[in-house]
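Colleague:
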Amino acid sequence: MHELAFPLLVGLIILALAFDFLNGLHDAANSIATVVATRLLRPVQAVVFAAFFNFAAYFLSLAFPELHKVAETIGKGIIDKDLVTPAVVFGALVGAMFWNVVTWLKGIPSSSSHALVGGIVGAGVAHAGFEGIEWTGLNKTVLAIFLSPMLGMLLAMLVMLLSSWALRRASAKFAESTFRTLHLFSSAAYSLSHGLNDAQKTMGIITVLLYSTGYLTGEFHVPHWVAISCYIAIGLGTLSGGWKIIETMGGRITKLSHHQGFAASTGGSIVVFTASLLGIPVSTTHTITGSIIGAGVARRASAVRWGVASNVVAAWFITIPASAIVAAAFYALTRLF
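Our numbering applies: residue 319 is where the sequence shown begins, and numbers increase by one.
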């Protein structure tokens, strides 16, 4: 157990909630890009819509507690929880937040989730070396970097195929009306899955901080007040929007119809809900990007602006090492004081 004055503990918790807020701000585009791009909802309506369902994930977690495994992976599945110190938590959060701000300013839809994972790894290794890494949890998270966008793409293409076949005899007017409605419901599902998976990452950080400083007794578990605080923070962050990234996600990768928006949101939500059930801190950004590409490819490969997509992919590869380096540097700074 590491001693930490209560005011410093409160400061670190506020920093963690600030990351959660920034996560919502940075990832607002994940769940509303398609409804904005297709003009199903106006931007302000879409942001309020997404924020509402981000927070509504809290009630879903109460009904289905098994969906709360991601917090455990972040809290004790990346770095050995008994080796985590307040300095490690500080370095991890600052490393992740730094990368989030840089990519947000550049309008790059990088992953807040993997920025946090990179931050935890960087600060954890700087503190305890590579023996502190929990390789099972880290490996499944890294594997999800590659699998989540591909699965999202394949599922979006499958949804496009099945829904096209199901409405093959419908009139154009009926099909358009049907896909508008389905698009709205699928976007709500994706916002729900986004809030569920992403809010848990901050829960894991705060919980391991409480555990390492002796403020959490008994088995490793997420206190109720931590859970609701994190859902509120990510909902408020989403409410603040992220317009540059929305433009990239919703319009620059490919032009979307309501049919494609429905397919992308449906494919993405299936991947993210499944990841939450398995306790994998999957990237909601990667997933919806792959799903949007899949919906575009289902129409025709040339519909996707592959240059923009390749820039997004490049950001995926450098997020974890970049945030890890920054986190290690800030951890080292704490050793000087």
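The beta carbon of each residue, even a glycine, is placed where N, CA and C say it ideally should be. Note that the coordinates shown come from a computational prediction; the quantities given were computed from them, not determined experimentally.
From which residue to which residue does the alpha helix (DSSP H) around Tyr376 run?
Modeller: Unbroken alpha helix (DSSP H) run through Tyr376: Pro361 to Ala381.
Colleague: Would Val600 pass as an interface residue toward chain C - the criterion being a Cβ-Cβ separation below 9 Å?
Modeller: The chain labelled as chain C is not found in the depicted structure, where only one protein chain is given.
Colleague: Helix or strand or just coil, what does DSSP make of Arg653?
Modeller: coil
Colleague: Only counting the same chain, and skipping five residues up and downstream in sequence, which positions put a Cβ closer than 8 Å to that of Thr525?
Modeller: Ala389, Gly393, Leu534, Phe538, His539, Val540, Pro541 and Val544
Colleague: Please report the Cβ distance between Ile611 and Met471, rounded to the nearest whole angstrom; I am assuming they are in contact, meaning their Cβ atoms lie under 8 Å.
Modeller: The pair is a contact, with the Cβ atoms about 5 Å apart (cut-off 8 Å).
Colleague: Would you identify the three-state DSSP class for Ile588, choosing helix, strand or coil?
Modeller: helix
Colleague: Taking a contact to mean a Cβ-Cβ separation below 9 Å, would you say Ala441 touches Val407 in this structure?
Modeller: yes
Colleague: Less than 8 Å between the CB atoms is what I'm expecting for Ala375 and Ala517, so what's the real figure, rounded?
Modeller: 7 Å
Colleague: Three or more C-beta pairs under 8 Å: does that hold for the segment 642-650 against the segment 428-444?
Modeller: yes
Colleague: Count the C-beta pairs between the segment 408-416 and the segment 455-464 that are closer than 8 Å, then say yes if the count reaches three, no if not.
Modeller: no
Colleague: Confirm, please, whether the CB-CB distance from Thr607 to Ser431 is below 9 Å.
Modeller: no
Colleague: Report the residue from Thr652, Gly532 and Ala616 whose alpha carbon sits nearest the alpha carbon of Phe324.
Modeller: Gly532
Colleague: What residues in its chain sit with their C-beta under 8 Å from that of Met468, if we drop five residues either side in the sequence?
Modeller: Gly608
Colleague: Indicate whether Thr527 and Leu401 have their beta-carbon atoms separated by less than 9 Å.
Modeller: Reading off the sequence shown, one finds Leu at residue 527, where the question assumed Thr. Going by C-beta atoms, Leu527 is not nearer than 9 Å to Leu401.
Colleague: According to the Cβ coordinates, are Phe373 and Tyr529 closer than 9 Å?
Modeller: no
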